[in-house]
Every structure is written in structure tokens, then in C-alpha cells.
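Step one of this worksheet: look at the structure below.
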Amino acid sequence: MENILGLVALACGIIVGLGAIGASIGIALMGGKFLESSARQPELMNDLQTKMFILAGLIDAAFLIGVAIALLFAFANPFAI
Numbered sequence: 060m061e062n063i064l065g066l067v068a069l070a071c072g073i074i075v076g077l078g079a080i081g082a083s084i085g086i087a088l089m090g091g092k093f094l095e096s097s098a099r100q101p102e103l104m105n106d107l108q109t110k111m112f113i114l115a116g117l118i119d120a121a122f123l124i125g126v127a128i129a130l131l132f133a134f135a136n137p138f139a140i
């Protein structure tokens with residue numbers, strides 16, 4: 060039983076850690092591309108900024124779904140009997 064709980068805790072840490080790394084890399088790449096595109100065409104900056112914030116919210120939403128799944132496994136553990 061303790062072995063299962065330990066592995067579930069390890070899996071929760073991996074889910075949250077990899078989700079955070081993926082979200083931060085995604086937002087960093089998107090921010091870099093936004094700066095490149097706004098430097099090339101400054102007249103489109105407002106439209107691009109709106110789209111960037113929408114995509115940043117979607118990227119963070121994917122990370123938060125992973126956190127919710129990790130919390131589900133941590134507190135309502137379906138593997139523990």
C-alpha cells in the first residue's frame with residue numbers, strides 16, 4: 060500500500076513538473092515570435108497582442124488541467140484500495 064502511494068506521489072510530481080516545463084517553453088516561444096512579428100509589422104501589434112493573450116490562456120489552461128489530474132490522483136486516489 061505504501062509503495063502505491065509513493066508511486067502516485069511521484070507520478071503527481073512528474074505530471075506537474077513536465078506540465079510546468081511545457082507551458083513555460085510554449086509561452087516563451089510564443090512571446091518571442093510575438094516580438095519578432097511586432098517588430099516587422101508594428102501596425103498589427105494590437106491584433107497580435109490580443110491573439111497572444113488568448114493563446115497564453117489556452118496554454119496555461121492545459122497546464123492547469125494537468126494539475127487538476129495530479130490533485131485527483133493525490134487526494135481521491137483510485138489506485139489505493
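Yeah, the sequence shown ends on 140 if you go by our numbering, and it's all consecutive. We put the beta carbon where it would ideally sit given N, CA and C, even for glycine. Quick caveat: nothing in here was measured; it's all calculated off a predicted structure.
- The alpha-carbon of Ala133 is positioned some 7 Å away from that of Cys71.
- Secondary structure within the region 103-137: the alpha helix (DSSP H) runs of 4 or more consecutive residues, fully enclosed, are 104-134 (chain order).
- Where Met60 is concerned, there is no enclosing alpha helix (DSSP H), because DSSP gives it neither an H nor an E.
- Between the C-alpha atoms of Ser83 and Leu77 there is a straight-line separation of about 10 Å.
- The Cβ neighbour count for Gly91, taken over all protein chains shown within 10 Å, is under 16; the residue is labelled exposed.
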